[in-house]
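Here the numbering used here is used: the sequence shown runs in plain steps of one and ends on residue 280. Each residue gets a CB set at the ideal place from its N, CA and C atoms; glycine is no exception.
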Amino acid sequence: MIPNEQVVDTKDYSELPASAFPEGVDPSTYLASLKGATPEEPKTSTKASTERPTHIPEKFWDAEGKTVRVDDLLKSYTELEGRLRAPKTEPEKVEGLSIPKPEAPAEGAANPLTTAFDAFASHYAETGGKVEADQVQALVNIGVPQGVIDNYLAGLEALQERQMQTAFSAAGGEEKLSAALSWAGQGGLSAAEIDSYDALVSNPKTAMQGVEWLMAKFNATAPSEGSFIEAEAGAATGDVFRNRAELHAAMKDDRYYNNDRAYRAGVEEKLARSKAAGFI
């Protein structure tokens, strides 16, 4: 034997079971050491991959050169960054698809129908039930049927009659109210007081307030109804109201509601004569 010469074991141990080797030892490494050789290192491929990496989009991969298109990738990134930093803009509106809405009437604009009826009712109250043909025609012109107008007039007449009855009740009777009106027209009230009274009774909402105010003034300063009528009756001469319908007709005259003092005085004097004669 040559000194220092490495002895190579040529026996074949490849068929030995794993239990034949020391615990925790790799069989191939152990066999190699027995044979005086070192195990072969696993071969690694030095060939560059030619396939596109999965994380690289296809548009940035150069299939021929098997490389990443870095310039294209940087350009795309720059454009994306610019869009993200740009201020947001409202999308353009698509014309012709919206549903048109009807124009609402201007705020505060009067309804012509309401205006016409209000004017009609005001004139009716101020004139004591007088109806003007032009006012009726104004309602017809805005589309109100004649039947509706007739019913409206009937309602106004009924309302006025109820207001008269309510006024008589508040005054303590028709005779007392007539006496108070006669007293007021013959100097019992000043011109300013008469204007205030007329303003109250011309409004249905304050009419009763006006009647009550008049009766309070009359009862506080006027003589008793009996003595007042007797005083008037003693000196009364001329025409008379033959019934209450004639009295109501006279009180509905424009001159009475427009505070024509001469006409009012005539009505009150005629009323006093009518009572003295026993017609009312």
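Listed as beta-bridge partners of TRP61 by DSSP are VAL68. The beta carbons of LEU177 and VAL211 sit closer together than 8 Å. In the DSSP assignment, ASP150 falls within the unbroken alpha helix (DSSP H) covering 146 to 171. In the structure shown, LEU113 falls within a helical segment according to DSSP collapsed to helix, strand and coil. In the structure shown, the three-state DSSP call for VAL211 is helix.
Counting only residues of its own chain and dropping the five nearest sequence neighbours on each side, TYR124 has a CB closer than 6 Å to the CB of LEU156.
In this chain, the alpha helix (DSSP H) harbouring ALA133 covers 133 to 141. In the pairwise beta carbon analysis, the region 238 to 251 is classified as touching the region 270 to 280: at least three pairs are separated by under 8 Å. Inter-segment contact for the region 212 to 222 and the region 171 to 187 is present: three or more beta-carbon pairs are separated by less than 8 Å. Annotated three-state conformation of GLY266 is helix, per DSSP.
Between the region 191 to 201 and the region 252 to 262 there are three or more C-beta pairs closer than 8 Å, enough to call the two in contact.
Secondary structure note for GLU51: it is in no alpha helix (DSSP H), with a DSSP letter that is neither H nor E. With 16 or more other Cβ atoms from the protein chains shown falling within 10 Å of its own Cβ, LEU247 counts as buried. With a 10 Å radius around the Cβ and a threshold of 16 neighbouring Cβ atoms, LEU74 comes out exposed. Going by beta carbons, LYS252 and GLY129 fall inside the 8 Å limit.
Burial check for ALA86: the Cβ neighbour count within 10 Å stays below 16, so the residue is exposed. Distance check between ALA249 and each of LEU200, GLN209 and MET164 places MET164 closest, using alpha-carbon atoms only. In this structure, the alpha-carbon of TRP61 lies about 15 Å from that of TYR77.
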